[in-house]
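The next block holds one structure in the form of structure tokens; read it before the comments.
2 protein chains.
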Amino acid sequence: MTLTLDFTNMMAGALPDGAGISLAEWEAAAEPFRRAHAAVHVRTGDLGFLTLPTNVALLAQSEAVAEWAKDRFTDVLLLGIGGSALGPIALRTALCAPQWNALETSQRGGYPRLHVLDNVDPASIAATLGRLNLTHTLVLVVSKSGGTVETMAQYLIVREALAAALGEDVAREHLVFVTDPEKGALRAIARQEGVRTVDIPANVGGRFSVLSPVGILPAALLGIDVRALLAGAAHVTEQAQSDSLKANVPGAFAVMQWLADSRHGRHVQVLMPYADPLRDLALWFVQLWAESLGKIGPDGQSVGPTPLPALGATDQHSQVQLFMEGPRDKTVTFIAVRGRLSDGPIPARHADIAELGYLAGHTLGELIDIEQRATAGALAARGRFNATLGIDTIDAWHLGALMQTFALATAYAGVLYGIDAFDQPGVELGKQFAYALLGRAGSDSARAEWDALPRPDARFQI
Amino acid sequence: MTLTLDFTNMMAGALPDGAGISLAEWEAAAEPFRRAHAAVHVRTGDLGFLTLPTNVALLAQSEAVAEWAKDRFTDVLLLGIGGSALGPIALRTALCAPQWNALETSQRGGYPRLHVLDNVDPASIAATLGRLNLTHTLVLVVSKSGGTVETMAQYLIVREALAAALGEDVAREHLVFVTDPEKGALRAIARQEGVRTVDIPANVGGRFSVLSPVGILPAALLGIDVRALLAGAAHVTEQAQSDSLKANVPGAFAVMQWLADSRHGRHVQVLMPYADPLRDLALWFVQLWAESLGKIGPDGQSVGPTPLPALGATDQHSQVQLFMEGPRDKTVTFIAVRGRLSDGPIPARHADIAELGYLAGHTLGELIDIEQRATAGALAARGRFNATLGIDTIDAWHLGALMQTFALATAYAGVLYGIDAFDQPGVELGKQFAYALLGRAGSDSARAEWDALPRPDARFQI
Chain A
3 MTLTLDFTNM MAGALPDGAG ISLAEWEAAA EPFRRAHAAV HVRTGDLGFL
53 TLPTNVALLA QSEAVAEWAK DRFTDVLLLG IGGSALGPIA LRTALCAPQW
103 NALETSQRGG YPRLHVLDNV DPASIAATLG RLNLTHTLVL VVSKSGGTVE
153 TMAQYLIVRE ALAAALGEDV AREHLVFVTD PEKGALRAIA RQEGVRTVDI
203 PANVGGRFSV LSPVGILPAA LLGIDVRALL AGAAHVTEQA QSDSLKANVP
253 GAFAVMQWLA DSRHGRHVQV LMPYADPLRD LALWFVQLWA ESLGKIGPDG
303 QSVGPTPLPA LGATDQHSQV QLFMEGPRDK TVTFIAVRGR LSDGPIPARH
353 ADIAELGYLA GHTLGELIDI EQRATAGALA ARGRFNATLG IDTIDAWHLG
403 ALMQTFALAT AYAGVLYGID AFDQPGVELG KQFAYALLGR AGSDSARAEW
453 DALPRPDARF QI
Chain B
3 MTLTLDFTNM MAGALPDGAG ISLAEWEAAA EPFRRAHAAV HVRTGDLGFL
53 TLPTNVALLA QSEAVAEWAK DRFTDVLLLG IGGSALGPIA LRTALCAPQW
103 NALETSQRGG YPRLHVLDNV DPASIAATLG RLNLTHTLVL VVSKSGGTVE
153 TMAQYLIVRE ALAAALGEDV AREHLVFVTD PEKGALRAIA RQEGVRTVDI
203 PANVGGRFSV LSPVGILPAA LLGIDVRALL AGAAHVTEQA QSDSLKANVP
253 GAFAVMQWLA DSRHGRHVQV LMPYADPLRD LALWFVQLWA ESLGKIGPDG
303 QSVGPTPLPA LGATDQHSQV QLFMEGPRDK TVTFIAVRGR LSDGPIPARH
353 ADIAELGYLA GHTLGELIDI EQRATAGALA ARGRFNATLG IDTIDAWHLG
403 ALMQTFALAT AYAGVLYGID AFDQPGVELG KQFAYALLGR AGSDSARAEW
453 DALPRPDARF QI
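Printed below as a string of structure tokens:
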């Protein structure tokens with residue numbers, strides 16, 4: 003069980019025309035990386051995501067709820083947004099059978115369907131509630147702060163529907179709140195009404211929470227091997243104790259991306275798994291990388307790479323043209339799965355037709371792997387920076403390893419960029435404007451700022 | 003029924019610190035736009051997507067197949083990649099009920115499920131074939147060229163499975179090829195074996211093909227009002243006869259993005275619908291914008307904006323931090339749905355808790371609309387370029403209007419950038435490398451180029 007990183011195609015020597023990170027640049031980055039490493043790991047008590055993989059007490063909370071829920075519910079409805087939804091969705095897509103919710107109960111091994119409402123679109127909520135049998139539905143309300151506007155709105159609607167269908171007392175038994183151990187509205191309601199809860203540790207932020215009950219509880223409910231998930235993450239965390247770029251995969255990932263962005267203008271950083279089950283992992287990564295690193299930097303300037311999700315081989319027919327010939331402002335990180343499910347050979351048929359004949363005898367696993375290597379080689383031949391994360395197979399262990407790799411890399415990158423990777427001050431203004439427009443008490447100054455926005459007479463409207 | 007564009011927040015006057023496109027720049031763009039407009043519309047006979055909305059003969063082909071298939075099949079399996087898959091997926095997500103494939107037949111109005119295989123991941127294909135009852139499954143094989151490697155591989159496997167399950171003669175009756183009227187392997191096989199076909203006109207490229215049978219046939223099979231879809235597109239095409247930026251929405255969209263990129267360094271162009279059903283429309287747009295415009299420009303330099311998909315309100319908890327505080331290199335185009343399904347008020351509960359009390363009485367439709375306007379205002383307040391496409395409601399007419407708007411805008415933008423928006427030369431090298439690695443006949447020179455790639459002794463691997 004391994005996770006590897008090959009970043010040869012990020013480096014001068016593999017790319018033409020002097021492109022690429024030079025060996026001197028790489029070696030000079032060792033010292034800033036050591037400082038970043040120290041700055042992150044000294045905060046082990048404070049950065050909760052570092053100890054989630056070995057937090058057995060927290061695991062026990064999720065396992066107890068999953069055990070209680072087993073055979074009681076056919077459907078789980080998760081209310082959450084951002085970090086509260088992207089992790090569970092990524093885990094379901096990666097580790098459950100494709101189109102999980104469309105399978106029969108027996109095809110799902112008796113485990114429930116999982117519905118995620120991660121938006122406040124009235125059509126989605128109405129459709130979901132219209133379809134669910136609430137008698138057999140468990141509702142997870144997931145919010146670290148316990149007061150997220152979208153999740154509170156969903157909760158009020160779903161709670162009312164549960165109460166109408168089941169009565170207030172039974173409705174309460176269909177709820178689990180996943181939230182801060184002490185603070186916030188959900189915690190207050192839980193105390194008042196005796197709603198079941200599991201904790202998101204106070205020192206774990208939303209986008210770093212997938213290995214807390216935010217991801218672990220839904221995963222356990224779906225029958226995913228959550229202990230293997232945590233073991234993969236623990237393995238990476240252990241390896242990352244080294245402050246050498248020769249041994250620390252998350253560190254090397256962070257440094258290569260930081261150098262590519264800050265020294266070589268590679269501002270857009272693509273994550274492109276070659277595997278359908280990792281499709282939504284790229285979206286989870288986008289939040290982590292974007293919300294953590296897109297910040298006002300130490301000198302007041304705006305910094306941070308822009309992550310871009312992609313999927314191979316599919317995006318060879320969509321975004322790869324841009325990656326090959328568009329502006330030289332990107333890195334592409336592939337995720338390659340080296341040990342595929344053994345699939346049979348592509349059948350021989352139409353052997354006389356050139357477009358089909360050569361395929362016979364190859365397997366699809368071989369084809370997708372060759373396409374990844376061919377794309378990497380083609381990008382390199384055109385001077386386009388790329389790297390490959392390799393995993394043996396798609397299972398819980400490797401998902402845990404991948405997710406913790408990205409979380410650690412994000413923490414390191416925050417120090418390298420000189421910003422705080424764990425806050426999100428930029429979303430506050432929009433939130434305050436929304437409060438003002440909704441008439442929430444205490445939003446007078448936001449209302450005044452909203453009213454003072456320039457509204458030129460000359461509108462540009464068609 | 004209208005589609006509007008408000009780009010006030012792209013312009014100087016609405017943004018602080020002199021940011022934004024100046025009125026002088028905008029007025030100076032009128033002449034290049036007139037030239038771009040003329041260059042596109044003079045090719046009406048050659049650019050097939052311009053006449054797809056009124057091509058009744060082509061519509062009749064799809065309608066005839068849909069009529070024949072009705073009540074015969076419970077499942078449709080679409081094999082295709084890139085433009086052959088993104089359009090049908092976007093239409094299903096936008097215009098069918100959420101989680102369509104998980105609904106009972108009666109909830110689907112008797113229309114079939116739609117499964118799309120848009121990759122060569124062996125796990126996905128095995129899972130899909132393992133689940134389908136092939137006796138009641140119609141297989142669409144969609145490839146303009148008729149020889150796309152991924153689609154041919156899928157076809158060989160699925161054809162074998164059909165033959166094994168149903169026998170060769172019946173298997174043939176479960177196939178429809180959607181391909182070029184004359185050329186390519188699929189056409190040859192269809193002629194040889196009498197497989198049912200519908201045409202993708204020779205002058206319609208993959209990413210411009212959603213209003214050809216590529217999108218129209220699956221849409222018709224799913225019960226989508228394809229005539230309304232085409233009518234919306236026809237309306238936009240008709241409006242776009244004007245070469246005035248005051249009347250041509252696709253033109254204004256193309257010009258604002260081109261000026262923002264080429265004059266103001268806004269290289270990353272976000273499309274952010276505030277509506278779950280438009281989630282996959284953003285992915286369809288990404289292919290169109292990226293593959294059409296990411297090119298080697300007239301002076302040999304690399305040009306083209308980088309499209310980035312997003313979803314509101316969800317991405318306020320993911321990417322918006324980066325859009326607000328990260329590099330000033332982005333535009334954000336919202337899609338706002340002004341007439342939501344009327345949904346009831348959010349129920350009053352926990353009125354004493356500040357985080358929930360203020361929500362009571364508002365509707366979700368109001369909330370998501372306020373969040374869009376608040377985010378637009380917050381971005382503008384921080385000097386971030388943004389614009390809003392407005393539609394009345396999400397229905398077939400407005401989807402057709404949106405898709406044709408983007409297709410026309412892409413064609414105009416190609417002329418403005420001075421590149422060919424209708425080819426994709428950049429994907430050729432990777433394709434050739436893959437052929438070489440698969441041992442396809444005639445790939446010797448690609449093999450030689452592959453072998454000659456620099457492979458430095460110093461690997462960077464962990």
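Top line first, the protein sequences correspond to chains A and B.
For any residue, its number in this note's numbering is found by taking its place in the first sequence, counting from 1, and adding 2.
For any residue, its number in this note's numbering is found by taking its place in the second sequence, counting from 1, and adding 2.
Yeah, the Cβ is synthetic: ideal placement off N, Cα and C, and Gly gets one too.
- prompt: Within 10 angstroms of its Cβ, does B:His319 collect 16 or more other Cβ (buried), or is it exposed?
  reply: buried
- prompt: According to DSSP, is A:Ala338 helix, strand or coil?
  reply: In the structure shown, A:Ala338 falls within a strand segment according to DSSP collapsed to helix, strand and coil.
field: Test item: CB-CB of A:Leu410 and A:Ala242 under 9 Å
entry: yes
field: Start and end residues, alpha helix (DSSP H) containing A:Thr407
entry: Taken as a continuous stretch (DSSP letters only), the alpha helix (DSSP H) holding A:Thr407 covers Ala398 to Tyr419.
field: Contact list for B:Thr365 against chain A, beta-carbon separation under 9 Å
entry: Pro124
- prompt: When DSSP labels each residue in this structure, what does B:Met154 get in the three-state scheme?
  reply: Reduced to three states, the DSSP call for B:Met154 is helix.
- request: Tell me whether B:Gly85 is buried or exposed, calling it buried when 16 or more other Cβ atoms sit within 10 Å of its Cβ.
  value: Its Cβ being crowded by 16 or more others within 10 Å, B:Gly85 is buried.
task: Report yes or no: do the segment 269-289 of chain A and the segment 35-49 of chain A share at least 3 C-beta pairs separated by less than 8 Å?
output: no
task: Starting from the C-beta of B:Ile218, find all residues in its chain whose C-beta is less than 6 Å away, skip the five residues before and the five after it, and write them out in chain order.
output: Ser64 and Val228
- prompt: Which chain B residues sit within Cβ distance under 7 Å of A:Tyr360?
  reply: Simply Leu440, Gly441, Arg442 and Ala443.
Assigned exposure category for A:Ala315 - 16 Cβ within 10 Å defines buried: buried
message: In the DSSP assignment, the alpha helix (DSSP H) including B:Asp201 goes from what residue to what residue?
response: Looking at the DSSP string, B:Asp201 is not in any alpha helix (DSSP H); the run it does join, the beta strand (DSSP E), is Arg198 to Asp201.
Three-state secondary structure (DSSP) of B:Gly217: helix
- request: Report the partner residues of B:Gly112 according to the DSSP bridge assignment.
  value: In DSSP, B:Gly112 forms no bridge with anything.
task: Could you list the residues in the segment 403-432 of chain B with a C-beta less than 8 Å from some C-beta on chain A, going in chain order?
output: Gln426, Pro427, Gly428, Val429, Leu431 and Gly432
query: Where does B:Lys297 sit, in a helix, a strand or coil, going by DSSP?
result: B:Lys297 carries a strand assignment under DSSP once its states are collapsed to helix, strand and coil.
- prompt: So which residues on chain B does A:Met154 lean against when the C-beta distance must stay under 8 Å?
  reply: Glu357, Leu358 and Leu361
Within 9 Å, strictly: CB atoms of A:Gln259 and A:Arg265: no
- request: Taking 8 Å as the threshold, find out whether the segment 365-374 of chain A comes into contact with the segment 121-141 of chain B through three or more Cβ pairs.
  value: yes
query: With respect to the beta strand (DSSP E) encompassing B:Asp8, which residues constitute its N-terminal and C-terminal limits?
result: Leu5 to Asp8
task: Following the continuous beta strand (DSSP E) through A:Leu273, name the residue where it begins and the one where it ends.
output: Per DSSP, A:Leu273 belongs to the beta strand (DSSP E) from Val270 to Pro275.
- prompt: In this structure, what does DSSP give as the bridge partners for B:Asn388?
  reply: B:Val334
task: Going by DSSP, name the residue or residues bridged to A:Phe179.
output: A:Val143 and A:Thr199
field: Extent of the continuous alpha helix (DSSP H) run through B:Thr365
entry: No alpha helix (DSSP H) contains B:Thr365, which DSSP labels as neither H nor E.
message: Report the CB separation of B:Ala389 from B:Leu7 in whole angstroms; it is logged as a contact under 8 Å.
response: 6 Å
query: Relative to the alpha-carbon of B:Pro349, which residue among A:Ala398, A:Ala166, A:Leu5 and A:Val339 has its alpha-carbon at the smallest distance?
result: Cα-wise, what sits closest to B:Pro349 is A:Ala166.
message: Per DSSP, what are the beta-bridge partners of B:Met13 in this structure?
response: B:Ile23
- prompt: Span of the beta strand (DSSP E) holding B:Val78?
  reply: Where B:Val78 is concerned, the enclosing beta strand (DSSP E) stretches over Asp77 to Leu81.
- prompt: What does B:Gln323 reach in chain A if we use C-beta pairs closer than 7 Å?
  reply: The answer, in chain order, is Ala292, Glu293, Gly296, Gln426, Gly428 and Val429.
query: If B:Pro307 sits next to B:Trp291, beta carbons under 8 Å apart, how far is it from one beta carbon to the other, in whole angstroms?
result: By a beta-carbon distance limit of 8 Å, B:Pro307 contacts B:Trp291. Their separation comes to about 7 Å.
- prompt: Is it the case that the Cβ atoms of A:Leu164 and B:Val151 are separated by a distance below 9 Å?
  reply: no
query: Out of curiosity, what's the CA-to-CA distance linking A:Gly428 and A:Asp345?
result: 47 Å
- prompt: Ends of the alpha helix (DSSP H) at B:Pro456?
  reply: That residue, B:Pro456, is in no alpha helix (DSSP H); it is neither H nor E in DSSP.
query: Among A:Ala436, A:Ala284, A:Ala21 and A:Thr377, which one has its Cα closest to the Cα of A:Met326?
result: A:Thr377
message: Buried or exposed, going by whether 16 or more other CB atoms sit within 10 Å of the CB of B:Val206?
response: buried
- request: State the CB to CB distance for the pair A:Val144 and A:Leu223, rounded to an integer number of angstroms; the pair is presumed to be in contact (CB under 8 Å).
  value: In fact, because the Cβ distance is near 12 Å, the residues do not count as touching under 8 Å.
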